[in-house]
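Presented below is the structure to which this report refers.
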Amino acid sequence: MTRDQMIAHLRTADAVAREAAAHGHHPFGCILVGPDDRVLMRQGNLGTVRHAETELARRAAEAYEPEFLWQCTLVSTFEPCAMCSGTMYWANIGRLVFGLEETSLLSLTGNHAANPTMSLSSRTVFASGQKQIDVVGPFPEIENELTEPHRNFWKS
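Using full-length UniProt numbering, the letters of the sequence shown map in sequence onto residues 1 to 156.
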């Protein structure tokens, strides 16, 4: 997957995040991209413990064989938290592409009770396991696009 393709997929995940926000959910979104660069699944955030990446990884694990998922990429607007990274690891999804780091999210959410961010990168979570999950991100060139749905959301 080229960098341009990754950015295009991040924009698709951002559209999913904006749709989630339009339905009253936290503005996070992700997609599952197959080895042929085709979008296989989309998922927006559903709640405090029903993060987009966790929901997508669970659905993917039920729909596809682990060998196939190892060839797939989870594309997320923000770096997945420890829970989501762990679920992605167990689902056997072989690559992660994320737009912005968890630390960027903290600067947007502050000490919001519905999103108590953890200072634990997905790379650290994956490095604690036995699989070499490929991680690509962040993408500072589209930071403004990806943060836009968050700017006013966390103030309410």
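Where a beta carbon is used, it is the ideal one built from N, C-alpha and C, also for glycine. Just so you know, these numbers come straight off a predicted model, no measurement behind them.
beta-carbon residue i near the ligand ZN non-hydrogen atom, thresh 6 angstroms
{"i": "F139", "result": "What this structure holds is no ligand at all, so the ligand ZN is not there to describe."}
Best match in the options for proximity to residue i [C-alpha to C-alpha]
{"i": "V75", "options": "E148, K155, F139, K131", "result": "F139"}
{"i": "L10", "options": "A61, T54, T73", "result": "T73"}
{"i": "T2", "options": "E143, V49, V97", "result": "V97"}
{"i": "Y89", "options": "E53, R151, E101", "result": "E53"}
{"i": "V136", "options": "G94, R18, E65", "result": "G94"}
{"i": "F126", "options": "H25, S119, A82", "result": "A82"}
{"i": "D37", "options": "G24, C84, T12, R18", "result": "T12"}
{"i": "T48", "options": "I133, C84, L120, R18", "result": "C84"}
{"i": "E55", "options": "P66, P80, K155", "result": "P80"}
{"i": "T77", "options": "F153, I142, D134", "result": "I142"}
{"i": "L100", "options": "K155, M6, T147, H25", "result": "T147"}
{"i": "R58", "options": "T124, G129, T87", "result": "T87"}
{"i": "P66", "options": "K131, D14, A8", "result": "K131"}
{"i": "I7", "options": "G24, S121, E145, E62", "result": "E145"}
{"i": "D14", "options": "C30, V39, A63", "result": "C30"}
{"i": "F153", "options": "D4, H25, R123", "result": "H25"}
Neighbourhood of residue i by C-beta, 6 angstroms cutoff - its chain only, sequence neighbours within 5 removed
{"i": "P35", "result": "Q71"}
{"i": "G129", "result": "Y89"}
{"i": "L120", "result": "A82"}
Those residues which DSSP pairs with residue i across a bridge
{"i": "V135", "result": "L96"}
Close-in-space but distant-in-sequence residues of the same chain around residue i (CB under 7 angstroms, 5 per side omitted)
{"i": "A60", "result": "L32, M41, L69, A91, I93"}
{"i": "P149", "result": "A17, R18, A21, P27"}
{"i": "H51", "result": "F28, N45, C81, M83, C84"}
Residues near residue i in its chain [Cβ-Cβ closer than 8 angstroms; skip 5 each side]
{"i": "I133", "result": "M88, Y89, I93, G94, R95, L96, F126"}
{"i": "V39", "result": "H9, T12, I31, L32, V33"}
{"i": "R123", "result": "V135"}
Meets three-Cβ-pair contact criterion under 8 angstroms: the region 42-53 and the region 61-72:
no
Inside the UniProt domain "CMP/dCMP-type deaminase" (4-109) only - beta strand (DSSP E) runs reaching at least 3 residues
29-33, 39-44, 73-78, 95-100
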